[in-house]
Amino acid sequence: MPFNIAVFASGRGSNFEAIIKEKYKKNYIYNVSVLITENPQAKAINIAKEHKIPFEVIEKKEGMKRIDHENEISKALSKYNVELIVLAGYMRILSSEFVNKWKFKIINIHPSLLPAFGGKGMFLQNIHKSVISRGCKVSGCTVHYVTEDIDNGPIIEQKVVKVLPNDTPESLEKRILKKEHIVLPYVINEIANNRVKIINGLAYIIKDDIQ
Ligand code: GRF
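The numbering used here numbers the first residue of the sequence shown as 191 and each following residue consecutively.
So, in structure tokens, the structure goes:
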């Protein structure tokens, strides 16, 4: 049985593309079965088309309740036998109901070293601006499980980059993205191989060769 994943992305989709490309480059065992987006203009859709990956555009129309929108997402997901949902630049907050239904089956990539620079309002350029204006010397990215508490689920893996004296939010974002493109596919593959364990509420990548 393939380990099917659904990627949720709202925009550019560079992480979505990395998930596809790293799979082939590194022989990762997961199968990218569907892209879910709420944004009909998402560049991620072109990437899905280019790689012949099915995609579902599920818009949240004005006045539509979140629960109805998520029910449509669930309906779409049920077609693909999905084992893991990967949020890769998905700009909507999922309800507690949805998150609990998929407990420890949703992961997210966040462009800071959580728990720093996470939570409400901390997205995209806001994060890198805040990191620079606080004079941080390092930043990076975090892959974590999604729980009801925004950006606060168990951390699976993190990568660090140095913040340089002349960094702009754009230059810092670029360097962090490069790390994201490696670490997110890596974590998905570790989960697909059943090497990620939750112990006392914390996540660990368990390697056979480490006792
Ligand atoms: C990335 O910075 C990711 O960490 C954040 O949203 C951005 C998505 O970028 N969650 P892309 O659409 O994958 O290029």
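Note that the Cβ used here is the ideal one computed from N, Cα and C, for glycine as well.
Quick caveat, the model's predicted, so the values are computed rather than measured.
- Classified as buried, Lys-213 has 16 or more neighbouring CB atoms from the shown chains inside 10 Å of its CB.
- Here the distance from the Cβ of Ser-204 to the nearest heavy atom of the ligand GRF is below 6 angstroms.
- Between the alpha carbons of Ile-237 and Met-281 lies a distance of about 18 angstroms.
- Contiguous alpha helix (DSSP H) elements confined to the region 264-305 occur at 286-291, taking only those with 4 or more residues.
- For the pair of segments examined, the region 258-270 was found to touch the region 224-231: the number of CB pairs separated by less than 8 angstroms reaches three.
- For Pro-301, the shortest C-beta to heavy atom distance toward the ligand GRF is below 6 angstroms.
- The three-state secondary structure of Leu-314, taken from DSSP, is helix.
- The Cβ-Cβ distance between Leu-274 and Ile-219 does not fall below 7 angstroms.
- Between the ligand GRF and Gly-201, a heavy atom-to-CB distance of less than 6 angstroms is present.
- Minimum Cα-Cα distance from Asp-341 among the listed residues Ala-278, Phe-288, Ile-381 and Pro-305 corresponds to Pro-305.
- Short of 7 angstroms from the beta carbon of Phe-206, and not among the five residues preceding or following it, lie these beta carbons of its own chain, in chain order: Val-197, Ala-199, Leu-225, Ala-234, Ile-237 and Ala-278.
- Assigned with DSSP and collapsed to three states, Leu-392 falls in strand.
- Residue side-chain check: Ala-306 keeps its Cβ at 6 angstroms or more from all non-hydrogen atoms of the ligand GRF.
- One thing to note: Val-353 has its Cβ within 7 angstroms of the Cβ of Cys-326.
- Taking the C-beta atoms as reference points, Ile-296 is found no nearer than 7 angstroms to Val-333.
- One alpha carbon belongs to Ile-322, the other to Asp-357, and they sit about 8 angstroms apart.
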